[in-house]
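Notes to accompany the following structure.
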Amino acid sequence: MTRKLSVLLLFFVLTAGCSYIGFYTCDRQPNRVHKLGMKLYNYSKEDIGPEQWEVYERIIELAYTTFYKCAKLTDEIAKIVRHVPIVVSPSANHSDHKHYLAFTDLQTVFIKKNYFTESNLRHEWIHIVLNKTGKSMLGDPFHRNPLFKKCEQLP
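Per the numbering used here, residue 203 is the first one in the sequence shown, and the count goes up by one each step.
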C-alpha cells in the first residue's frame, strides 16, 4: 500500500514539475532587466518590440510603487519582490480559465501576454510576499488574506 502511494505521489510531483519545463528561466538570459531589478523573459512565442517592452516596464513600475505603499513592505521584502523574475507567456484565448491568466510558483511570476496588468502583477506578488514572510506557506492559494482585497485592485 505504501509503495503504491509513493509511486502515485512521485507521479504527481513529476507531472506538476514537468509542466514548468518550458518556462524555466535559470539557463536563459533575460530579454530585459527592469531598472528595479526584475528580470523579464519572453516565452510568448511572439516577438515583443521595444515599445511593448517599455509599456510592460511602465506597468511594472506603477504596480510595484502602489504595491510597496499598500502592503507597507519592509526593505528586505521589497528586495525579494524586485528579484522575482517575470515570464511573459503566450496570449490567452477565450477558453483559458481566469485563474491561469497570471500565476506564480512562488519563485517566478508567469503572466499571459495580453493580461499583463498592474492588478495581475500585484496579485501574484501578494502570494510571494505571504510565502516569504511566513504568513502562508503556500502563498494563500484561497485568497483569504486581507492584502488581496486591499492591494490587488488599486487605481
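The beta carbon of each residue, even a glycine, is placed where N, CA and C say it ideally should be.
Secondary structure of residue i, DSSP reduced to three states
i, result
"residue 333", "helix"
"residue 234", "strand"
"residue 245", "coil"
"residue 250", "coil"
"residue 325", "helix"
"residue 348", "helix"
"residue 361", "No answer is possible for residue 361: the residues shown for the chain start at 203 and end at 357."
Pairwise C-alpha distance: residue j and residue i
i, j, result
"residue 244", "residue 274", "30 Å"
"residue 233", "residue 249", "11 Å"
"residue 257", "residue 307", "24 Å"
"residue 331", "residue 283", "7 Å"
"residue 344", "residue 237", "32 Å"
"residue 255", "residue 335", "30 Å"
"residue 316", "residue 293", "5 Å"
"residue 352", "residue 305", "19 Å"
"residue 347", "residue 251", "37 Å"
"residue 266", "residue 295", "27 Å"
"residue 313", "residue 354", "15 Å"
"residue 253", "residue 278", "32 Å"
8 Å Cβ shell around residue i - same chain, five flanking residues per side excluded
i, result
"residue 261", "318, 319, 320 and 323"
"residue 339", "333"
"residue 350", "325, 328 and 342"
"residue 230", "243"
"residue 303", "294, 313, 314, 317 and 322"
Same chain only: Cβ atoms within 7 Å of residue i, ignoring 5 sequence neighbours per side
i, result
"residue 270", "280"
"residue 259", "236"
"residue 246", "290, 291, 292, 293 and 315"
"residue 264", "320"
"residue 272", "352, 353 and 356"
Own chain, CB closer than 6 Å to residue i, minus 5 neighbours either side, in chain order
i, result
"residue 268", "356"
"residue 241", "232, 235 and 287"
"residue 285", "239"
**Q.** Minimum length 4: unbroken alpha helix (DSSP H) runs contained in the stretch 260-321
**A.** 277-284
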